[in-house]
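S.K.: Provided herewith is a single structure, encoded as structure tokens, for subsequent inquiry.
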Amino acid sequence: MNEEKKLNLTVASSPHVASPIDTQNLMRDVLIALVPALIMGVVFFGPRALVATIISVVACEFFEWAYRKLMKKSCANKDLSAAVTGVLLAFVCAPTLPYWMLIIGDFFAIVVVKQLFGGLGQNFMNPALGGRAFLMLCYPVAMTTWIVPGIGADKWAGLISGEVTMAGADIVTGATPLSADFMHGGLLPEASLLDAFVGNVGGCIGEVSALMLLLGGLYLIWRGVIRARIPVAYIATVAVLTFAFPMGGNDRLTWMLYQLCTGGLMLGAFFMATDYVTSPVTKKGEVIFGIGCGLLTVFIRYFGGYPEGVSYSILIMNCCVWLIDKVGKPNRYGVTKEMKAAAKAKAKAGKEG
Amino acid sequence: MKQSFYGGVHPHDRKELARHKEIAPLSAAPKQVVIAMSMHIGAPCKPIVAVGDHVKVGQKIGEIAGLGAPIHASVSGEVKAVEPRPYVGGGKCMSVVIENDFQDTWGSELVPHADYTKLSADEIVNIVKEAGITGMGGAGFPTHVKISSGIGKVDTVILNGAECEPYITADHRLMLEHGEKVIGGLRILLQAFGLKNGVIGVEENKEDAIEHLRALVGGRGDVTVESLRTRYPQGAEKQLIQRITGREVPPGGLPAHVGCAVFNVGTAAAVYDAVVEGKPVTHRVITVTGDAIQDPKNLMVPLGVSFQTLIDEAKGFKEEPERILTGGPMMGIAQYDLDVTCIKGTNAVLCLTKHEAAPVVEEEVCLRCGRCVNVCPMHLTPVYMHLYAEKGMWKEAEALNVMDCIECGSCNYICPARIHLVQSFRVTKGELRNLAAKEKAAKEAAKA
Numbered sequence: 003m004n005e006e007k008k009l010n011l012t013v014a015s016s017p018h019v020a021s022p023i024d025t026q027n028l029m030r031d032v033l034i035a036l037v038p039a040l041i042m043g044v045v046f047f048g049p050r051a052l053v054a055t056i057i058s059v060v061a062c063e064f065f066e067w068a069y070r071k072l073m074k075k076s077c078a079n080k081d082l083s084a085a086v087t088g089v090l091l092a093f094v095c096a097p098t099l100p101y102w103m104l105i106i107g108d109f110f111a112i113v114v115v116k117q118l119f120g121g122l123g124q125n126f127m128n129p130a131l132g133g134r135a136f137l138m139l140c141y142p143v144a145m146t147t148w149i150v151p152g153i154g155a156d157k158w159a160g161l162i163s164g165e166v167t168m169a170g171a172d173i174v175t176g177a178t179p180l181s182a183d184f185m186h187g188g189l190l191p192e193a194s195l196l197d198a199f200v201g202n203v204g205g206c207i208g209e210v211s212a213l214m215l216l217l218g219g220l221y222l223i224w225r226g227v228i229r230a231r232i233p234v235a236y237i238a239t240v241a242v243l244t245f246a247f248p249m250g251g252n253d254r255l256t257w258m259l260y261q262l263c264t265g266g267l268m269l270g271a272f273f274m275a276t277d278y279v280t281s282p283v284t285k286k287g288e289v290i291f292g293i294g295c296g297l298l299t300v301f302i303r304y305f306g307g308y309p310e311g312v313s314y315s316i317l318i319m320n321c322c323v324w325l326i327d328k329v330g331k332p333n334r335y336g337v338t339k340e341m342k343a344a345a346k347a348k349a350k351a352g353k354e355g
Numbered sequence: 004m005k006q007s008f009y010g011g012v013h014p015h016d017r018k019e020l021a022r023h024k025e026i027a028p029l030s031a032a033p034k035q036v037v038i039a040m041s042m043h044i045g046a047p048c049k050p051i052v053a054v055g056d057h058v059k060v061g062q063k064i065g066e067i068a069g070l071g072a073p074i075h076a077s078v079s080g081e082v083k084a085v086e087p088r089p090y091v092g093g094g095k096c097m098s099v100v101i102e103n104d105f106q107d108t109w110g111s112e113l114v115p116h117a118d119y120t121k122l123s124a125d126e127i128v129n130i131v132k133e134a135g136i137t138g139m140g141g142a143g144f145p146t147h148v149k150i151s152s153g154i155g156k157v158d159t160v161i162l163n164g165a166e167c168e169p170y171i172t173a174d175h176r177l178m179l180e181h182g183e184k185v186i187g188g189l190r191i192l193l194q195a196f197g198l199k200n201g202v203i204g205v206e207e208n209k210e211d212a213i214e215h216l217r218a219l220v221g222g223r224g225d226v227t228v229e230s231l232r233t234r235y236p237q238g239a240e241k242q243l244i245q246r247i248t249g250r251e252v253p254p255g256g257l258p259a260h261v262g263c264a265v266f267n268v269g270t271a272a273a274v275y276d277a278v279v280e281g282k283p284v285t286h287r288v289i290t291v292t293g294d295a296i297q298d299p300k301n302l303m304v305p306l307g308v309s310f311q312t313l314i315d316e317a318k319g320f321k322e323e324p325e326r327i328l329t330g331g332p333m334m335g336i337a338q339y340d341l342d343v344t345c346i347k348g349t350n351a352v353l354c355l356t357k358h359e360a361a362p363v364v365e366e367e368v369c370l371r372c373g374r375c376v377n378v379c380p381m382h383l384t385p386v387y388m389h390l391y392a393e394k395g396m397w398k399e400a401e402a403l404n405v406m407d408c409i410e411c412g413s414c415n416y417i418c419p420a421r422i423h424l425v426q427s428f429r430v431t432k433g434e435l436r437n438l439a440a441k442e443k444a445a446k447e448a449a450k451a
């Protein structure tokens, strides 16, 4: 017997090497991509935006840990997926939303939407958007009260207590980008297009800066974390529809650009619709999914009861993912059109015979 | 029309370990060789020598029993045993153990044909058969069967010099150092098929080999050397055909169905050796490499030499190996016993340290990230196939064309959750084959 037989060898099925990218890596990249938007949120809405985001992350990680502990399942905190949900949920809430409401949203997102369906990979809708939809149902006023950056508001107000007193100039009822007058009536917001693009407008913490979200999205595509098909199909559909059907007698191009830069479109297209768990995996499926999201967004914005349609359009499309993937199944390798036709004819003949 | 295949991955190729090492013979002839009787796809050969017989180099010691290719002695000496021995494919395999007498007496029945242009197709097929040539790329399909079944159907002969598996440099060195044999072998194959032009596909990370082969072809212009994108699995038969001709081999079909025949460059060199020099397959080039190896090498090795000898030849380990493989890291087979010996399809002995090898971790949950779908060169949806496979829903997995899977490992490599997809599909395919066999038996029983 040779000495080398004492070697401690692993015998496993091929392949014997693996890509260095794992789940945690991917989620970390998503978090990095969200940082620019967070910075803009803090610049425009004050430190409260940062505190709210941190609270949301901590709450999500806590609920994830607590649920799995309670159910005696393996701990899954290190994959960072709960942190992503936490950031995204904070991003789609108004900066003035009391912290406790945010935490309720986190609970709904992590426990009800995600863990009750089996945890990561099993939920059929985006947890952050599910949490937002729940908050919209429960606290519609708090969720849709916007402050306009830089107007009168004391940026430090309510940082600790979590409560912001709504009074006077702080509350904006008129022409914020998310008002019904804009989306349904075609009345352009007062903010300039540049302000809307950079994010110097009223809105949710992380939604306002189209520029920063675009940067984050491009980072994710460059890193190969997400594929470009969904965001491109989504944004292109919205662009084409709003360009073709401008409202309120506005210039087509201006109207389209305002529609693209405001609301949750950029956040939704790059970060929500591309959520792995709740989006299709096939090439064709991704394009169908993106177009579907775009159509629903425009329909809700134009005709719906809510001024903003991104979150609901993505949630609705989330529910169709299995169906979409069936439609999007790639063509079988080596099967030509003639072979398909022949197989069809044969099956038909078989039925008749 | 040429087209790149869909998907694929690009692992770090690590070929720098051995790419500049010239093919060297073993520093000392092996004391003993253990020649397995199964070196090809098909039925194992029947040993035709007995204990105590004296054999010569190139003498036939295993005869075809069904689909296969004969096996020849790689050293001269006395047969010490004919018994099952550890085998690179797993388990044990009937083997002939020869003790070397270091005389190297030549005993092949093949006759050299310096001018092969006068040979007929049948004669070439016969020489290839008698020389025991099998696919040298790893799969080991008997070459004479490939030629004889393809004559008349094939319009494109492709040599596979892609060597897309990371680490391995055996084909690379062969093309550089014995390029004339590769091209000569291709011309012989073309003659057997009655064709004028052939193609050699080489990945562009072997620029020097491409230039060398092009220079060798020179003005004759009958052989085109295609530079292929470095992308795994470029060297998979179907993907190579797709890249070179734009044709897709139909499900369950063979390359001949789309008029192609693909041979490894090593196979072509073996054909040249057999026809022009009258040498059967007794040796082959093997890359001994990996970060665990002290001095990675490309070696010209007599068949039947143990992995231990090869590793010693490369000055042993400098770090503890975590896995020892035959073949490349994407499709190679893990070994647990270094007494296994090399066969015709062994292109590498790869010793990976635990830093290079895939971490042994528990599978995480599937994120549905879809990367597996994006890299699958066979247009499959591994994420859904695996869902069915996990639950034992074989028929549903079959509906997703799991049988088309070529087990290239791309999906498995890219999976961020480290799910053992290839293993899962191997099990599924095995179960489906069992089911099909059962159904067939039941049908026949019903008939009778």
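Protein sequences, first through last, are from chains A and B.
The numbering of the first sequence is the numbering used here, which starts it at 3 and goes up by one.
The numbering of the second sequence is the numbering used here, which starts it at 4 and goes up by one.
In this text, a Cβ means the ideal position worked out from N, Cα and C, and glycines have one as well.
Given a cut-off of 7 Å, decide if L52 (chain A) and V44 (chain A) are closer than it, judged by their beta-carbon atoms.
M.R.: Yes, they are a contact pair.
S.K.: C96 (chain B): which of B:V37, B:A142 and B:D315 sits nearest, CA to CA?
M.R.: It is B:V37.
S.K.: Can you pull the chain A neighbours of V376 (chain B), defined as C-beta to C-beta under 7 Å?
M.R.: Residues of chain A passing the Cβ test: V283 and T284.
S.K.: Among B:R421, B:V425, B:V284 and B:D294, which residue has its Cα nearest to the Cα of H358 (chain B)?
M.R.: Comparing Cα positions, the closest option is B:D294.
S.K.: For a test of the three-state rule: what should DSSP assign to V89 (chain A), helix, strand or coil?
M.R.: Correct three-state label for V89 (chain A): helix.
S.K.: Taking 7 Å as the threshold (C-beta atoms), are A361 (chain B) and V19 (chain A) in contact?
M.R.: Taking 7 Å as the Cβ cut-off, V19 (chain A) and A361 (chain B) qualify as a contacting pair.
S.K.: Would G140 (chain B) be called buried (16 or more neighbouring beta carbons within 10 Å of its own) or exposed?
M.R.: Buried, by the Cβ-count rule.
S.K.: Since Q426 (chain B) meets chain A, which of its residues come closer than 7 Å, beta carbon to beta carbon?
M.R.: Those within 7 Å of Q426 (chain B) in chain A are S15.
S.K.: Using beta carbons (cut-off 7 Å, strictly below), is T12 (chain A) in contact with chain B?
M.R.: Answer yes: the Cβ-Cβ gap between T12 (chain A) and chain B drops below 7 Å somewhere.
S.K.: Rounded to whole angstroms, what's the CA-CA distance from Y416 (chain B) to W224 (chain A)? Just pull it up for me.
M.R.: Roughly 20 Å between the two C-alpha positions.
S.K.: State the DSSP-derived secondary structure class of F266 (chain B), mapped to helix, strand or coil.
M.R.: DSSP places F266 (chain B) in strand when its eight states are reduced to three.
S.K.: When Cβ atoms are compared, which residues of the region 19-40 of chain A fall closer than 8 Å to chain B?
M.R.: If the cut-off is 8 Å between Cβ atoms, the region 19-40 of chain A has V19, A20, S21, I23, D24, T25, N27 and L28 near chain B.
S.K.: Nearest chain B C-beta to P332 (chain A) closer than 7 Å, yes or no?
M.R.: Output row for P332 (chain A): interface = yes.
S.K.: Between B:H382, B:K49, B:G373 and B:A440, which has its C-alpha nearest V227 (chain A)'s C-alpha?
M.R.: Answer by Cα proximity: B:G373.
S.K.: Look at the Cβ atom of G265 (chain A), then the Cβ atom of I316 (chain A), and state whether they are nearer than 7 Å.
M.R.: Not a contact, by the Cβ cut-off of 7 Å.
S.K.: Closer than 9 Å by beta-carbon distance: list the chain B residues that pair up with Y308 (chain A), in chain order.
M.R.: Near Y308 (chain A) there are no residues of chain B at all, since even the closest Cβ is about 28 Å away, more than 9 Å.
S.K.: With respect to the alpha helix (DSSP H) encompassing E401 (chain B), which residues constitute its N-terminal and C-terminal limits?
M.R.: E401 (chain B) -> alpha helix (DSSP H) spans W397 to A402.
S.K.: What are the residues that DSSP puts in a beta bridge with M97 (chain B)?
M.R.: Partner(s): B:P87.
S.K.: Taking just the CA atoms, how far does G120 (chain A) sit from Y304 (chain A)?
M.R.: C-alpha separation (whole angstroms): 36 Å.
S.K.: Let's test the definition: count the other Cβ atoms within 10 Å of the Cβ of L137 (chain A) and tell me whether it reaches 16, buried, or not, exposed.
M.R.: The residue is buried, with at least 16 neighbouring Cβ atoms inside 10 Å.
S.K.: Using alpha carbons as the reference points, say which of B:E410, B:V378 and B:S427 lies closest to A400 (chain B).
M.R.: When only C-alpha atoms are compared, the closest one is B:S427.
S.K.: Measure from the alpha carbon of E81 (chain B) to the alpha carbon of each residue in B:A68, B:V100 and B:P89, then state which is nearest.
M.R.: Residue B:V100 is the option with its Cα nearest to E81 (chain B).
S.K.: Could you name the residues of the same chain whose beta carbon sits closer than 6 Å to that of V3 (chain B), not counting the 5 residues immediately before and after it, in chain order?
M.R.: In the structure as shown, chain B starts at 4 and stops at 451, and residue 3 (chain B) therefore has no counterpart that could be examined.
S.K.: Are G208 (chain A) and F93 (chain A) closer than 7 Å when you measure CB to CB?
M.R.: Contact flag set, yes.
S.K.: Output the boundary residues of the alpha helix (DSSP H) element that contains C62 (chain A).
M.R.: Per DSSP, C62 (chain A) belongs to the alpha helix (DSSP H) from P49 to L72.
S.K.: Hey, does K8 (chain A) have any beta-carbon neighbour from chain B nearer than 7 Å?
M.R.: It does not; no Cβ of chain B falls within 7 Å.
S.K.: Is the beta carbon of L131 (chain A) less than 7 Å from the beta carbon of M274 (chain A)?
M.R.: For L131 (chain A) and M274 (chain A), yes; Cβs fall inside 7 Å.
S.K.: Decide if Q245 (chain B) is buried, meaning its Cβ has at least 16 other Cβ atoms within 10 Å, or exposed.
M.R.: Q245 (chain B) should be labelled buried.
S.K.: From the DSSP secondary-structure annotation, give me the bridge partner or partners of Q338 (chain B).
M.R.: DSSP lists B:I327 as partners of Q338 (chain B).
S.K.: Please compile the residues from chain A whose C-beta is within a distance smaller than 7 Å of the C-beta of D294 (chain B).
M.R.: None at all; the shortest Cβ gap to chain A is about 11 Å.
S.K.: With a Cβ-Cβ cutoff of 7 Å, do G65 (chain B) and H43 (chain B) count as a contact?
M.R.: No. Outside cutoff.
S.K.: With a threshold of 7 Å between beta carbons, is L122 (chain A) in contact with chain B?
M.R.: Interface residue, yes.
S.K.: Excluding the 5 residues preceding and the 5 following F110 (chain A) in the sequence, name in chain order all residues of the same chain whose CB lies nearer than 6 Å to its CB.
M.R.: Answer for F110 (chain A): G133 and F136, listed in chain order.
S.K.: Given a threshold of 16 other Cβ atoms within 10 Å of its Cβ, counted over all protein chains shown, does W397 (chain B) qualify as buried or as exposed?
M.R.: Counting Cβ neighbours within 10 Å, W397 (chain B) comes out buried, since at least 16 surround it.
S.K.: Which value, in whole angstroms, describes the spacing of the CA atoms of G88 (chain A) and G330 (chain A)?
M.R.: Whole-angstrom Cα-Cα distance: 31 Å.
S.K.: Distance check for E366 (chain B) and P17 (chain A), CA to CA, integer angstroms please.
M.R.: Each residue's alpha carbon lies about 15 Å from the other.
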